[in-house]
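Step one of this worksheet: look at the structure below.
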Amino acid sequence: MDVETFVLFRGGKRVTMNGSDMTVDKICRIFQVTGNSLYITDDMNTAIFPDPSGNFTTLSLQHRGHYEVHGDSEQVQSPPIHASATSRSNFPPRQFQRSVHIAEIVNDKLTAARTVVIRFLESDATVERMTVKVKEALGCVEEITLTDSQGNEIVDSEGTRSSSYWKQNSRKIYAIFEDDFVEFQNGRRQKTRRRSEETGILQEVLGKIDQLKQATETLQNATEAINLLSDLAKVKSTTARQAEQLHLVMDAFCCHVCKSLMSKPMFSTCCQSLLGCQMCVEHWLLNTNYCLKCRAEDFEFKVHEVKGLSAVLAFLKEVHTE
């Protein structure tokens, strides 16, 4: 079980304390205040006093909450306190300011429509309090969500409970109205799901091509495999038309002789590959009798025409010329 901790601060001093150390004596020693005047305030500026035994009960405190220490400073006997030192001890808590962009969703992207500048204290340096500050600056009651420049929600964590996070204006922070934020997140999920579906279809198409390349003794099933390939490609033609993806498909049906899309493809049993056009392969055999890819001998007895590819080749030719 996590030990309860609380962040106490006064002026420029900031200390994290365990629940068992939340006593009047220890807090007074750390922050140099008198015990009979000591009290603390939470984020809502509610005063909290110690119990008669000199302890702050943790039941009334929030784990990892921020509390400002109040009380009269202890009098130092020597050296004498000069007027300048007295004036410094009476300085109000340090204020910070930062810009927050009020975002609108345009073409699934965040666009800054307005900007508000808010002032805040160390005690305001939390997601909850900064959200309230932005709503007050806008004068609105609608729920808003604070995000980074990519639209990722800023959640409460140890790193966001400090002015060092919020005072850096180089870190852009956007405020999005709740309805817009939900719409933005849904759009992201749909885009991711659509990209995943298209990738799955492409992988299935490439898988069928791989099966065709590896076919050795089951050429009679080539027609069925190619017909399925054609159907899948037609259903997701927009995916196949993407340049990089189309290149992978075209390579499988590229003639090794003329480097064009095959016409009446020929298959070699020696290297288990589609080699090229019937006319190109027959011309090759006029001059030599070894495989044009793996250089195996007796090539004329190992090469066969593949039937049933006319539909898919016509489809690929149509796509390639668009």
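Here full-length UniProt numbering is used: the first residue of the sequence shown is 1, the next is one more, and so on.
Ideal Cβ positions, reconstructed from N, Cα and C, are used throughout, including at glycine.
Asked: Straight-line gap, residue 83 to residue 31 (C-alpha atoms, nearest Å); Found: A caution first: residue 83 carries a pLDDT of 48, below 50, which makes its placement in the model too unreliable to give a value.
Asked: Whole-number beta carbon distance between residue 63 and residue 4, since they are thought to touch under 8 Å; Found: 5 Å
Asked: Beta-carbon proximity of residue 271 to residue 293, cut-off 7 Å; Found: yes
Asked: Residue 255 vs residue 280 beta-carbon contact at 7 Å; Found: yes
Asked: Three-state secondary structure assigned by DSSP to residue 13; Found: strand
Asked: Within the region 162-192, ranges of the beta strand (DSSP E) (whole runs, at least 3 residues); Found: 174-177
Asked: Backbone secondary structure at residue 62 - three-state DSSP; Found: coil
Asked: Residue 71 - DSSP class collapsed to helix/strand/coil; Found: coil
Asked: Three-way DSSP call (helix, strand, coil) for residue 30 in this model; Found: helix
Asked: Distance CB(residue 164)-CB(residue 122) smaller than 7 Å; Found: no
Asked: Other residues of its chain near residue 16: CB distance less than 6 Å, five sequence neighbours each side excluded; Found: 5 and 7
Asked: One or two residues paired with residue 276 in a DSSP bridge; Found: 266
Asked: Cα-Cα separation, residue 253 to residue 199; Found: 21 Å
Asked: Assumed close pair residue 116, residue 134 - CB separation to whole angstroms, cut-off 8 Å; Found: 6 Å
Asked: Proximity to residue 188 [Cα-Cα], best of 167, 289, 137 and 105; Found: 105
Asked: Inter-residue spacing [alpha-carbon to alpha-carbon] between residue 54 and residue 137; Found: 40 Å
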